[in-house]
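Residue numbers are given in this note's numbering: position 6 of the sequence shown equals residue 9, and the series is strictly consecutive.
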Amino acid sequence: MYTNIVNVILNFGLTAVILSTNLNFLFSFIKRNQKRLRIFYSVLWIGGLITFFIFAKNFSASIKFLLIAFIIIQNISNIIETLLIKQHGEKISFVINLVYAVLFFAWHLFILSTNYSLFFLILGICILCFLKLFIMVLIPSGKESYTETINEKYFLIHWTYLGINDIVGVISKWMDKVFLLYLLTATDFAIFFNGSFEIPIFSLLIGVTGSFLLIEISGNLHVKNKIIKLFHENFKALSSIVFPLFFFLLFFQKELFSIAFNDKYNASLPIFAISIFILPLRINNYSVILQCFSEGKKILWGSVLDIVIAVVLMLVLYPFFHTQGIAFAIVISTYCQVIYYLWHSARILHVSIFSMVPFRKLMVKFFGIFLLFAGLFFLLSGATIKTKLLIASAFTLVIITAGFLPYLKLFLKQKRQID
């Protein structure tokens, strides 16, 4: 929790600015304003890391210093990776991150299977993150295909809004955990945390496709039809992954928790059952159009709206539904934030929300996949837990693969043409 929050604060919108701004303009802007930017980020980094060292409780000094090292390496790595993606290095970035994720997971398994040590766990992660950074630095940079001129004063305001929005966003993401950290026992908090923690693959999908959209839309700001087409295509692509995974988690959550946690956290299931209803929204990056049109203020207000609605609903629902009320508050506030972003994006493009979102196609796909999983759940009602989970996992993989066949065929066709 601490490192996630501090990382976003220290970055202060820099990666978002890189993705949505022409690099020639950005580098020249930084060069002309390097003194102000150097002072600002120096104060931010020093102040943020000192604050982290003071307030990160229950850690020894050595572990705190290791975590600070990890934060610094990860921040630099994120900036280099963003530049790599911006300069058309998406494929190599994907491969590097895939290898990093596998090694990251393997290192955790190794530490857990030997004598567990938090110090050596974090040390290993620091080394992996540094190796990832080192490899990315060695990759030659590409060039952008468009140029852009922006009003510097307006751009600085936009950057400020993006930075504040990132901070508000990460606070919103972890707010429910912080809210309950001081209300619940350690055991009850673990139950809520395991039930409400979002599976990383969904954030990864949004991050990767959001980066692609930022680059493509930024270079086509005056082509409204292309922007809408890209937005539609992102809905179509991500829904082919997210919808099957959502219904897999909805219908087979008990089996998953039983195998993954050995029935230790079955008490988390009611929280999990509510929290996963955010997942159907994870089929697009809804603020990307606002970001490309330098509407950082509207993005910020969307995050503020999310927090305000979440806090009000937490205070109202917690006395009646306890931790389930907290989870429900987060779900409702997220839906409100998405509607807000879609409405303002539609206004910028001078179209209706119904033109921006292919509701009919998404609903047909959603209910079609629902019927498939409902049928599978009924057929497996008498099977063992392991059998259910194995067949359901294979079934989910088949549906996702079928959804991505058109993209695979298009990719192979384009590759043959290039060859």
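Even for Gly, the Cβ is constructed at its ideal location relative to N, Cα and C.
- When the beta-carbon positions are compared, K368 and F255 stay at least 8 Å from each other.
- Shown here for L233: same chain residues with a beta carbon closer than 7 Å to its own, the five before and five after excluded, namely L216, E219, I220 in chain order.
- By the Cβ-count criterion, Q294 is buried, with 16 or more other Cβ atoms from all chains shown falling within 10 Å of its own Cβ.
- Just so you know, the alpha carbons of A330 and A276 end up roughly 9 Å apart.
- Counting along the chain, no alpha helix (DSSP H) covers I142, and no H or E run does either.
- In the structure shown, the three-state DSSP call for H161 is helix.
- CA-CA distance, W304 to S297, rounds to 14 Å.
- The criterion of a C-beta distance shorter than 8 Å is satisfied by I8 and W177.
- Contact holds between the region 276-288 and the region 199-210, because three or more Cβ pairs, one in each stretch, are under 8 Å apart.
- Taking C-beta atoms as the reference points, T85 and L22 count as a pair closer than 8 Å.
- Of all C-beta pairs linking the region 245-264 to the region 395-403, three or more are shorter than 8 Å, placing the two stretches in contact.
- Per DSSP, the continuous alpha helix (DSSP H) segment holding K227 begins and ends at 227-254.
- Taking 8 Å as the cut-off, the Cβ atoms of N78 and N14 count as close.
- Counting along the chain, the unbroken alpha helix (DSSP H) around D191 starts and ends at 189-199.
- Contact annotation: L69 and S242 have beta-carbon atoms that are not nearer than 8 Å.
- Taken in chain order, the complete alpha helix (DSSP H) segments of 4 or more residues contained in the region 340-365 are 356-359.
- DSSP places K34 in the uninterrupted alpha helix (DSSP H) bounded by 26-35.
- Burial is judged here by how many other beta carbons sit within 10 angstroms of a residue's own beta carbon; G378 has fewer than 16 and is exposed.
- I83 and F133 do not touch by the CB rule: their CB atoms are close to 12 Å apart, not below 8 Å.
- Rounded to whole angstroms, the separation of the alpha carbons of G385 and V173 is 43 Å.
- By the criterion of a C-beta distance shorter than 7 Å, A72 is surrounded in its chain by C129, once the five residues flanking it on both sides are discounted.
- Per DSSP, the continuous alpha helix (DSSP H) segment holding F68 begins and ends at 64-89.
- Going by beta carbons, L124 and I114 fall inside the 8 Å limit.
- Going by C-alpha positions, L282 is about 32 Å away from K60.
- Rounded to the nearest whole angstrom, the C-alpha separation of N27 and F56 is 37 Å.
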